Structures are given as C-alpha cells and as structure tokens.
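S.K.: This is the structure, below, for whatever I ask next.
In our numbering, the protein residues as written are 645 to 752.
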C-alpha cells in the first residue's frame, strides 16, 4: 500500500518526470509496494528514465515479493522481451533490492 498516493496519481498524469522517478525510488526503498510497481512501470515504459526492462523486471519482482499481486501481469509482459540471462540478472537485482529495503515491520 502506498504511503504517498499522490506519487501514483502523478505517475498516471505525467509521461516523463525524472523527479517523480526519484521520489518513487525513495518510497520503494521504504517498502512501499505501489512505488515499487510504479518504478517498474517507469522502467518498462521509459517514463522519466531510459527504458530498461531488466530494471523493470527487478522492481516488479520486488513488488510481487512484498505482496503486490497486480505487478505479476506487467512483469510477465516485460519477461517476454528478456533472454534467460537477462531474467537471471533481473532476479539477482530484485534480491539485492529486497535486502536493502527498509522494512518498518522488522525494525527494533
């Protein structure tokens, strides 16, 4: 669930906004699944960043691992354009991101 619903609203309205991508990344690293999905979408479509399907697959995978079932459809679309090696690289990135994410539920 998004801690910043305004980010997702802005994502729907704007086609190219690098500052929004930066904000999405900050929220994604705080564990916001909507921001993780949004970041995957930005990379999949090249919104505010250079299109990068490996990065898109990685962020969509992170969202899925954290409970966003809707991210799976877009990730499957992105996967069709990736080689097995690229899919493996994307999975490794996703694993690194999950480890780096600030998980409020497990803070002491």
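Glycine included, C-beta positions come from ideal geometry on N, C-alpha and C.
Since this is a predicted model, take the numbers as computed values, not measurements.
Quick one: which unbroken alpha helix (DSSP H) runs of 4-plus residues sit fully inside the segment 675-703? Chain order, please.
M.R.: Counting only runs of 4 or more, we get 677-689.
S.K.: How long is the line joining the alpha carbons of residue 710 and residue 700, rounded to whole angstroms?
M.R.: Distance between the alpha carbons of residue 710 and residue 700 is about 16 Å.
S.K.: Just to confirm before moving on: does the CB-CB distance between residue 697 and residue 708 stay below 8 Å?
M.R.: No. Outside cutoff.
S.K.: Going along the chain, which residues of its own chain have a beta-carbon closer than 7 Å to the beta-carbon of residue 677, five neighbours each way excluded?
M.R.: For residue 677, where only same-chain residues beyond five positions count, the Cβ hits under 7 Å are 645, 707, 710, 711, 712.
S.K.: Would you give the residue range spanned by the alpha helix (DSSP H) that residue 717 belongs to?
M.R.: Counting along the chain, the alpha helix (DSSP H) containing residue 717 begins and ends at 715-723.
S.K.: With distances taken from CA atoms, which of 672, 704, 664, 666 is nearest residue 744?
M.R.: That would be 672, whose Cα lies nearest to the Cα of residue 744.
S.K.: Roughly how many whole angstroms lie between the Cα atoms of residue 685 and residue 734?
M.R.: Each residue's alpha carbon lies about 15 Å from the other.
S.K.: Could you check the C-alpha separation between residue 730 and residue 724 for me, to the nearest Å?
M.R.: Going from the Cα of residue 730 to the Cα of residue 724 covers about 11 Å.
S.K.: Quick one: what does DSSP say residue 739 is sitting in, helix, strand or coil?
M.R.: Note: residue 739 maps to helix in three-state DSSP.
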